[in-house]
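Residue numbers (UniProt numbering): 1 to 1267. The beta-carbon is built from N, C-alpha and C at its ideal position, and this holds for glycine as well. Report on the structure given below.
In structure tokens, the structure reads:
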């Protein structure tokens, strides 16, 4: 013994010179000591991660020697041997020839095939190397798989192709075998003795037996729905899963369909399903079965029929396979493959991650094995049967016929069926005649039960106890309100028989039972109709002309193609051609494919992001020949080099702010993932990959670590050790001690959930006894043993409409939306939305993926206080309180209309139905709400705000006829108090709907789909929402300047960093960041799409008002310039306000045209400046300081109506500072304002893309002084 008591859990050893090294799993360290005495013990490495193998590297341990494998003597692998020579070896599927150098193919060893989607994986257990994956483009969605040992191939069913295929594992060839059109496959298995394929049809309640030699079939008929099948050809028996009245069971029966059926599981302890999987272990003669609903894997001996539970507490197992000494299984919506030894009765198990698509519900497993019996009479000339040879046992058989034929007296051949006698009727699929009075007698006389079909309703008498109940044909009683509701509430579907089906919309598909679903859910590989009719005959299904066909065959709206979002499961809608669309002639094409407005080329800012728009530009006065070092960042179009640390630090250090472009914008309480995704900091090291790239779970430590097997927290969701540490149930009673006090093992671990199982669903083994649990969609009832349904719709799981079902839920969408492939969120069916932004000097229109940037309007001294859009008219409205102006521009024709003399218009909102625009006017001691129509050239006062209050934000709901606004007053200690009001669109019935705990409501927006109003509170730094009457108020902790609602998400502007945050309004409410760019957005943005402005009737279209018409709440109202008409004849008095002026022109949106016009003036000013100040320049200024500039700083608090303009001339040399108090007297006369405005215009001609705080940086770049 070298060392004792110090090494707690040594794992890996290494020796070098006189030292021994090892890794310790308890302390996560690497330690060393003297290899002879154990002295000089040291800890060399201490880490938070588990250390596995260690290895010493030193050149002395790698002596140079000749490599005998250099000459490639082996056909595959060359291995060094102990005799300084080599030995050849082969890969797993080959063996060495007698020459000991070449390899030959051998029969494949026992292994697994894993099937999911259109991918097949060859998995050899416990062998090193990546499993072989085969993706077949001809397969779309594998729903069943079986192994054919006669050919060595796989039999795979594809519900989307309506076929069962044979896949040659050697050549990867695919061959169509059997059509499953108009069938719903429940399970399949292969009979290698009779060369028959057994498949169950859930829809028709049958099991079909297909002979693969002659392509003939016979059918077994049942009263219940058959699902999974497990065949034992050498015994002539099969096990079948049946579903009756939403209860599952496993029956044992003969493979020839005759004789009694014995229920071996599901009577004493019910099976919940909906997926019950079977796998027969021929070595132990045991049936392994799994139940998704109870999370159990059980074992039933055949023929003893003794059952015991092998595993409990699993998370929805859906597929099983037995291979050698191991049991394998997969779980619902999981990419993990689990296994354990068949002899291991404890909960211990292992798993690996499979590299498969993450949007698949179920992974199929099948074991590849040899045949167990070599010969059978059915293998010789098909047993002399003309059609199908069915096994009775390993030695005997019988012949069977197709449904439309009958067996002859020779019991070998088949012939067509005969006619029935008078007074009899024939069963349609069989040569069986029944008497006419046997129809509708309550007994199924035809094998398929057609004599007791829906035609018997008139003879049906209810036996239910209550008159408000309907009796299903199986005797079940349901509420009469569920009769003919387009949902199958009876287990036998009889409640929907003989019902008048409601008409579905043109964009919907009608299930056979009457329900309407989106047409884009048809043939998507998932059963959305309760009768599975949406997944029938998919091989013939074609997408309509207004749809895009994904490569896997599913359909999506045509407008979703190339929109930057992958909507097809195979991402085929975002193909290569999406990036090759040509830009319009009036736009510049970047090298990256982005389209930008021609006016943005050579503007000193890389709008293309690849700098292609700024190449070959002639910048006057710029000689940027400076090359920065590798650890420095060069500011765009300058000589300024900054340390790399300033990049993306949240502060604009470069004059053009380019050091903060394309950065991940996360809040202080958020964590920045390696892939630039933002997540909540509380999600870091929580054992869940929230980033998607795993970066939030790297280098985790201690109590909140993913790498540690346990974590101490105050409240445990599953098992709690005696010392307070939490464990998942999967680590309890698994034979491995995880709690330091060993409280997770021993005790009642061996008998819990086996001998005494009080649970009706899932049962977890613990040392203190069984603990009951429920699968997703259910929760424990008060008795802590049984489960009850959870109403998921109360948890806001759907983005729009939610319908709760037993154990689950279904989501649907409002008109104009289509459900996405995730079945929870909705997406607009029409064209893409557009983002309208206010930049530093204009209005821009951006595509959501920023592939297109168009300048709508540009102007010097451009300033916007409010902006809105009318998507129907394709126009944008904005306000300018300095000019007292409301402007309207057509985005296509660029026709601009204005109204001036309005006072101080600020926030505005457009009634898109009447094209009236509402705005706040704060040009007097009290604010007013005004409505204008620029087409009719009319304006009118709507609401007067009380004195000392100021209206800040505004929104309109024209279909309901409501106007919303916020009004703020500053009470004691300058603390703002705000109320949100609602009135009619003509100003009547004004009511405060929200008035508690409001600071400054800077922005208002309405979710017209869900009828909720959202607002941004810049004082409390929150976004909140409520119903349109102020009820059901919800707080979201964000700080935003501008907000908007689109589809299922809230969009909000993140300060002044040029980024918009997008947060889901449902589910986990996760957020993503859209980098717009500082040059593209200032403090306002709008999302423009017709879906945001629902179509409504314009009641003012043919009005007879003497002045102005306002529409709302399904009526129109006349209004005068100062409010309601004052006389009984509804005639307005004359408007004496001559300040209001209406104008119209075609806007020129190019600043460069203005620059060209003023070029001469600028040169003249510069010349005068140089001559007049030459003496002052050389005599008064230090020689080493030659760059000066006039700096204009513009302060504006959006919560107040104060503007402070500060003009100063800095004469300080570099390195010195000047501090100026910005609080100055703002009362200046008109001439001073004009002079100041002209100075600012000239400044902006040279710094047209700089914000106010950028002017300080640019001061060092230009030899200009303004006088």
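Alpha-carbon spacing of residue i relative to residue j, whole angstroms
i, j, result
"residue 1039", "residue 1078", "18 Å"
"residue 298", "residue 55", "44 Å"
"residue 983", "residue 870", "22 Å"
"residue 1122", "residue 929", "11 Å"
"residue 673", "residue 693", "8 Å"
"residue 40", "residue 100", "50 Å"
"residue 1000", "residue 1067", "29 Å"
"residue 923", "residue 883", "12 Å"
"residue 931", "residue 962", "13 Å"
"residue 577", "residue 813", "30 Å"
"residue 548", "residue 560", "8 Å"
"residue 636", "residue 601", "15 Å"
"residue 17", "residue 57", "12 Å"
"residue 1105", "residue 1118", "5 Å"
"residue 868", "residue 320", "58 Å"
"residue 864", "residue 512", "56 Å"
"residue 96", "residue 66", "25 Å"
"residue 531", "residue 1111", "47 Å"
"residue 216", "residue 384", "14 Å"
"residue 644", "residue 738", "46 Å"
Own chain partners of residue i with C-beta closer than 8 Å, once the 5 adjacent residues on each side are dropped
i, result
"residue 91", "76, 77 and 103"
"residue 336", "330, 351, 352, 353 and 354"
"residue 7", "22, 24 and 31"
Buried/exposed call for residue i, threshold 16 Cβ in 10 Å
i, result
"residue 524", "buried"
"residue 791", "exposed"
"residue 263", "exposed"
"residue 33", "buried"
"residue 220", "buried"
"residue 199", "buried"
"residue 170", "exposed"
"residue 435", "exposed"
"residue 44", "exposed"
"residue 175", "exposed"
"residue 779", "exposed"
"residue 212", "buried"
"residue 617", "exposed"
"residue 1059", "buried"
"residue 976", "buried"
Residues of its chain near residue i, where Cβ-Cβ distance is below 6 Å and the 5 sequence neighbours each way are ignored
i, result
"residue 898", "885, 887 and 1143"
"residue 191", "231 and 233"
"residue 1042", "1003, 1053, 1084 and 1085"
"residue 957", "1006"
Neighbourhood of residue i by C-beta, 7 Å cutoff - its chain only, sequence neighbours within 5 removed
i, result
"residue 332", "292, 316, 318, 361 and 362"
"residue 140", "118, 158, 160, 161, 552 and 553"
"residue 747", "767 and 768"
"residue 438", "445 and 451"
For residue j and residue i, believed in contact at Cβ under 8 Å, the rounded distance
i, j, result
"residue 226", "residue 240", "5 Å"
"residue 368", "residue 111", "5 Å"
"residue 302", "residue 278", "Residue 302 to residue 278, Cβ: 11 Å. No contact."
"residue 145", "residue 364", "5 Å"
"residue 1286", "residue 167", "Outside the displayed range of the chain (1 to 1267) lies residue 1286, so it cannot be described from this structure."
Practice item. Check whether the region 441 to 449 touches the region 405 to 424, counting contact only when three or more Cβ pairs, one atom from each stretch, lie closer than 8 Å. Key: Contact annotation: the region 441 to 449 does not touch the region 405 to 424, with fewer than three C-beta pairs closer than 8 Å.
Check your understanding: Within the chosen definition, does the region 1058 to 1065 reach the region 841 to 859 through at least 3 CB pairs nearer than 8 Å?
Key -> Verdict: no, contact absent.
Review point. Are the region 749 to 756 and the region 766 to 773 touching by the rule of at least three beta carbon pairs closer than 8 Å?
Key: Judged by Cβ distances under 8 Å, the region 749 to 756 makes contact with the region 766 to 773, as three or more pairs qualify.
Exercise for review: Please determine if the region 930 to 945 and the region 889 to 905 are in contact, where contact requires at least 3 C-beta pairs separated by less than 8 Å.
Suggested key: Three or more Cβ pairs drawn from the region 930 to 945 and the region 889 to 905 lie within less than 8 Å of each other, which places the two stretches in contact.
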